[in-house]
Amino acid sequence: MQERVDVWWSSLLRTRFEDGTVDVTWDAFVRLFLAKFVPEHIQDKMEQEFLSLTQGSMTVLEYEARFSEHSKYALHIVEDECKKTKKFVMGLKPSLRTRLVAFDHRTLDEALSVACRQEGEMEQYLEEKKALQKRPTTTFQRQDKKKIAYQTSQKPVAVSSSQVPSLRSPGVKKECPHCGKTHGGSECWLVAGRCLKCESSDHKIKDCPRLQQGAQRGAPAPAVAAATPATGRPGRPRAPARSSGRRPDWRQPLAVEVVSASTHGRQH
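For the sequence shown, position 223 matches number 223 in full-length UniProt numbering, and the numbering has no gaps at all.
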């Protein structure tokens, strides 16, 4: 191929450029070369690839190399430096393109230099951002582990239903499965085997002295009957006897002295 191109170019110089006395630009040479060795339909295909070329995942330098390689198939665009620069800028990534559009660069070299510098700054910013994001994430993970460990240690112990007395609605009593009676409380006498008041095993709760003492303390004192004597003046009520200082024995039943009318009359 190289030999064929050399022969073609030597012949072209003699016939069209007077053995090299006439200057030939690079764009003119490329146009002549493509017309000679690249079929027209291939040129159209390569031109479309150039027009749709974008940076994508390439770096700025990789994109510029691909741009320059395909630009020879669209000479009507790259012949104008401003149009070529604009095409290059519009093919950059959006994050870079928005930064370069405001500068309105006139040459491809200027746009390439700024694009490379902006790309480096963006990469540095992203690296610093990732480093900052890793630090709080590690802290949060440690806190989450401590929280999980604390919750595990504070997890309530499961208790079977047999260990917890059943909750019944207030005012509703059910028949006890042990004694066949209806009674309050969570324990049955037959099961407990002791007084449910004082926890003594000598008696049941109905015979508990504490209940009897409580009933005596809360009961109102009976009134003393003052009978009217048959004859004479109305009798006066007897004055209450003085306390001897001894505390009454609440275990013994209270005795109420009732004075008869005849006895009261004889005393007077």
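Glycine included, each C-beta is placed from N, C-alpha and C at the ideal position.
In this structure, Ala-115 sits near Val-60, with a CB-CB distance shorter than 8 Å. Rounded to whole angstroms, the gap between the alpha carbons of Val-5 and Val-24 is 16 Å. Comparing alpha-carbon positions, the option among Ala-65, Ser-201, Val-38, Phe-103 lying closest to Phe-50 turns out to be Ala-65. Around the C-beta of Leu-108, 16 or more other C-beta atoms lie within 10 Å, and the residue is accordingly described as buried. The beta carbon of Phe-17 lies closer than 7 Å to those of Val-24 in the same chain, with the five residues before and after it left out. In terms of Cα proximity to Glu-110, the closest of Phe-37, Cys-208, Gln-55, Lys-86 is Lys-86. In the structure shown, Asp-6 falls within a helical segment according to DSSP collapsed to helix, strand and coil.
By the CB criterion at 8 Å, Gln-55 and Gly-91 fall inside the cutoff. Bounds of the alpha helix (DSSP H) holding Thr-85 are 81-90. When rounded, the separation of the alpha-carbon atoms in Glu-128 and Met-122 is 10 Å.
Counting of Cβ neighbours within 10 angstroms places His-105 among the buried residues, the total reaching 16 or more. DSSP places Val-191 within a helical segment (H, G or I) once states are collapsed to three. In the structure shown, the three-state DSSP call for Asp-207 is helix. Beyond the five residues adjoining it in sequence on each side, Ser-71 comes within less than 8 Å, by CB distance, of Phe-50, Ile-77, Val-78, Lys-84 in the same chain, given in chain order. When DSSP states are grouped into helix, strand and coil, Cys-116 belongs to the helix group.
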